[in-house]
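Asker: Numbering (my numbering), first residue to last: 26 to 270. Sharing a structure, written as structure tokens. Questions coming.
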Ligand code: JBQ
């Protein structure tokens with residue numbers, strides 16, 4: 026997968042060199058290009074924003090630097106014929122594991138990170154007419170710009186690309202995959218720490234009992250913390266058992 030990112034803070038994306046993502050880059054599984062939007066602003070101060078037309082508070086990102094930066098990516102030598110441009114935005118569709126899975130199947134993603142009060146609307150119109158464009162939000166809280174949202178999305182997407190995560194089983198076991206339940210609690214050695222024992226069933230060697238206990242824990246955790254995730258057919262299951270004990 027090829028990923029291009031346009032931002033006025035390219036330094037944010039240094040984190041993509043770390044850990045699993047850095048290794049995936051080294052191994053050529055993902056190719057990342059980070060572009061400083063200011064390189065496409067040619068006045069003395071490399072201006073990327075201006076006052077809102079019609080008045081109001083804050084600043085709006087000017088269309089010309091965005092046009093030059095995105096044209097450069099879409100028209101680069103060997104460019105993908107069908108890229109998907111993502112603008113992180115609080116007005117976008119909410120990013121989910123399902124969306125991560127869909128995006129992991131793309132050949133070329135372009136992330137346009139806005140700051141200030143937003144990007145001139147004509148940029149969305151222009152690129153919406155030339156490519157697939159998606160506005161995506163990572164949640165209902167206020168961020169200063171799209172950079173952190175982009176990093177979160179890239180992490181979620183990249184780990185689904187075959188070969189990026191060493192053990193494919195750990196992909197399936199994570200929360201929200203497979204059955205939509207939260208993960209069960211995990212433990213390691215020592216068997217007792219500060220007077221706190223590991224649940225004895227995990228030391229029993231009884232794999233069926235361990236699997237049953239973990240499933241109950243997943244259901245109970247989901248019921249307690251994220252009840253809206255609990256599938257209809259599981260309502261009542263684990264609580265019924267424990268209530269009877
Ligand atoms: C969103 F994607 C963005 C971009 C800028 C601000 C944002 N605020 C909240 N959630 O994901 C977002």
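Virtual Cβ for every residue (Gly too), placed ideally from N, Cα, C.
Under 8 Å, do residue 40 and residue 182 count as touching if we go by C-beta distance?
Answerer: For residue 40 and residue 182, no; Cβs fall outside 8 Å.
Asker: Check whether the Cβ atoms of residue 22 and residue 142 sit closer than 8 Å, and answer yes or no.
Answerer: Look at the range of the chain in this structure, 26 to 270, and you will see that residue 22 is not part of it.
Asker: Please classify residue 135 as buried or exposed, where buried requires at least 16 other C-beta atoms within 10 Å of its C-beta.
Answerer: It is buried - the Cβ of residue 135 has at least 16 other Cβ atoms within 10 Å.
Asker: Taking residue 111 as the reference, give the member of 95, 46, 252 with the closest Cα.
Answerer: The shortest Cα separation from residue 111 among 95, 46, 252 belongs to 95.
Asker: Given residue 164, which residues of its chain have a CB within under 6 Å of its CB, disregarding the five upstream and five downstream residues?
Answerer: Answer for residue 164: no residue qualifies.
Asker: Under the assumption that residue 210 contacts residue 242 (Cβ atoms under 8 Å), give the Cβ distance between them as a whole number of angstroms.
Answerer: Confirmed, about 6 Å.
Asker: Below 8 Å on the Cβ atoms is my contact criterion, and I expect residue 105 with residue 132 to pass it. Report the Cβ-Cβ distance as a whole number of Å.
Answerer: Sure, about 5 Å apart at Cβ, within 8 Å.
Asker: Would you mind giving the Cβ-Cβ distance between residue 98 and residue 29, rounded to the nearest angstrom? I have them listed as a contact below 8 Å.
Answerer: The pair is a contact, with the Cβ atoms about 5 Å apart (cut-off 8 Å).
Asker: Under 6 Å from any heavy atom of the ligand JBQ, by CB: list those residues in chain order, please.
Answerer: Ordered along the chain, the selected set is 113, 114, 115, 162, 163, 164, 166, 167, 168, 170, 171, 174.
Asker: In this structure, does DSSP put residue 229 in helix, strand or coil?
Answerer: In this structure, residue 229 counts as coil in the three-state DSSP scheme.
Asker: Assuming residue 151 is part of the alpha helix (DSSP H), what are its boundary residues?
Answerer: Segment 146-153, the alpha helix (DSSP H) holding residue 151.
Asker: For residue 87 and residue 115, I'd like the C-alpha separation in whole angstroms.
Answerer: Approximately 19 Å, taken between the alpha carbons.
Asker: Could you check which residue in 36, 113, 54 has the C-alpha nearest to that of residue 178?
Answerer: Among 36, 113, 54, the Cα nearest to that of residue 178 belongs to 113.
Asker: Let me know if residue 224 comes out buried or exposed under the rule of 16 or more other beta-carbons within 10 Å of its beta-carbon.
Answerer: Residue 224 comes out exposed.
Asker: Give the C-beta separation of residue 62 and residue 90 to the nearest angstrom, bearing in mind that I take them to be a contact with Cβ-Cβ under 8 Å.
Answerer: Between residue 90 and residue 62 the Cβ distance is about 5 Å, and since that is below 8 Å, they are a contact.
Asker: In chain order, what residues of the same chain lie with their CB nearer than 8 Å to the CB of residue 157, ignoring the 5 residues before and after it?
Answerer: Correct list, in chain order: 107, 108, 109, 110.
Asker: Under a three-way DSSP split, which group does residue 222 fall into?
Answerer: It is a strand residue.
Asker: For the beta strand (DSSP E) that residue 172 lies in, which residues bound it at each end?
Answerer: First-last for residue 172: 172-183, but that is the alpha helix (DSSP H), not the beta strand (DSSP E).
Asker: Could you say if the segment 185-196 and the segment 42-49 meet the contact criterion of at least three C-beta pairs nearer than 8 Å?
Answerer: The segment 185-196 vs the segment 42-49: in contact.
Asker: Determine the direct distance from the alpha carbon of residue 258 to that of residue 245, and round the result to whole angstroms.
Answerer: Going from the Cα of residue 245 to the Cα of residue 258 covers about 14 Å.
Asker: Which stretch, first to last residue, makes up the alpha helix (DSSP H) that contains residue 50?
Answerer: Run containing residue 50: 44-51, per the alpha helix (DSSP H) assignment.
Asker: Assign residue 152 to buried or exposed, taking buried as 16 or more other Cβ atoms, counted over all protein chains shown, within 10 Å of its Cβ.
Answerer: It is buried - the Cβ of residue 152 has at least 16 other Cβ atoms within 10 Å.
Asker: Please report the distance separating the alpha-carbon of residue 53 from that of residue 154.
Answerer: Roughly 31 Å between the two C-alpha positions.
Asker: Any idea which residues DSSP pairs residue 135 with across the strands?
Answerer: Per DSSP, 29, 110.
Asker: Under DSSP, the beta strand (DSSP E) around residue 160 begins and ends at which residues?
Answerer: Unbroken beta strand (DSSP E) run through residue 160: 157-162.
Asker: Decide if residue 148 is buried, meaning its Cβ has at least 16 other Cβ atoms within 10 Å, or exposed.
Answerer: That one is buried.
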